[in-house]
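Under the numbering used here, the residue at position 101 of the sequence shown is numbered 107, and the numbers go up by one with no gaps. What follows is a single structure, written as structure tokens, with notes after it.
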Amino acid sequence: MSDEITNYFNFAVDLVKNAGNLISEFRSGCKVFEVKSSDIDLVTEIDKKVEETLIGGLSKSFPSHKFIGEESVASGDKCILSEDPTWIIDPVDGTLNFIHGYPCSCISVGLAINKKVVAGIIYNPVLNQLFTAIEGKGAFLNSTPIHVSQVKELRNALISLEAGTSRDEERQKLVLENFKLITTKGQGVRCLGSAALNMAMVAMGGSDAYFEFGIHAWDIAAGDIIIREAGGVCIDPAGEPLDLLSRRVLCASTPELAQELAKSLKQFYPERD
Ligand code: IPD
């Protein structure tokens, strides 16, 4: 199976790199967009084109594989995670950044088998950062191995969080409460505007943890395996195992930091994917 996964992964990396050209053409921003679930949840033609390119290429080579793609789900496809090999795709993670020309957008592709992510690719074509991992083979940035930090305590941790793409009042209140927790108890806060790139930062040791309530499977699938292969942990924000469809994530450099955060965070349970 391991050779098969490597074969799927190598094929996907080439596709992702090619599709990255569609994004980097718009490095100064992409001013034409449509609104999705809220006035800050946006989509461009490039999101759709990248997803079509990836699903088109993968399904031609691997006809039995399944897909969960952000834009396909937005157009009405069901979000089903079965035991079959399933590609979980965010064609442009950080669409708002992409629209503004803020250079933190990426293609995020995870491959799940038996409902577990076994390979992941996060590619920011504008900054030429390719984060990759295959189960059991380590995590890499542009082919160089990466590792999480050794930070175990919140007071020493640099933490990423996001306000998300919902205007829901209850959720916004929770974001502010958790923001206050980190600014008072942690060392600092960062918001990159891309769940996948926040996770990549944890994987390479640039930050020590990231959490969000309201994300989707396509935002976190690739980051999950890349962080685990870099030596970190990805769990549910209440301290339980990660559930890819629960729309909740907490990842950290160490289990100690993850559990301290899980005990301290105000919790929110969005509707599942
Ligand atoms: C969004 C980004 C953002 C996060 C949102 C995601 P998108 O993904 O990852 O950082 O806060 O929850 O939906 O919409 O740009 O693919």
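Glycine residues also receive a C-beta, built at the ideal position from the N, C-alpha and C atoms.
Per DSSP, the continuous beta strand (DSSP E) segment holding Lys-72 begins and ends at 72-75. For Ser-43, no alpha helix (DSSP H) encloses it, and the DSSP letter there is neither H nor E. Following the DSSP letters along the chain, one finds Leu-164 inside the beta strand (DSSP E) bounded by residues 164-167. Here DSSP, grouped into helix, strand and coil, assigns Ala-80 to helix.
Listed in chain order, the non-local C-beta contacts of Gly-126 below 6 Å within the same chain comprise Gly-116, Ala-139, Ala-228, Ile-231 and Ile-232, local neighbours out to five positions each way being set aside.
Straight through space, the alpha carbons of Ile-11 and Ile-46 are spaced by roughly 36 Å. As for any alpha helix (DSSP H) of minimum length 4 sitting wholly inside the region 194-260, the runs are 201-209 and 223-235, ordered along the chain.
Here Tyr-14 is buried: its Cβ has 16 or more other Cβ atoms, across all protein chains shown, within 10 Å. Our two residues, Gly-238 and Gln-156, have alpha carbons roughly 9 Å apart in a direct line. Exclusion of the five residues before and after Gly-63 leaves Leu-21 as the residues of its chain whose Cβ lies within less than 7 Å of its Cβ. With a threshold of 16 other beta carbon atoms within 10 Å, Leu-271 meets it and is buried. In this structure, Cys-85 sits away from Ile-95, with a CB-CB distance that is not shorter than 8 Å.
Residue pairing by DSSP puts Val-123 in a beta bridge opposite Ala-118.
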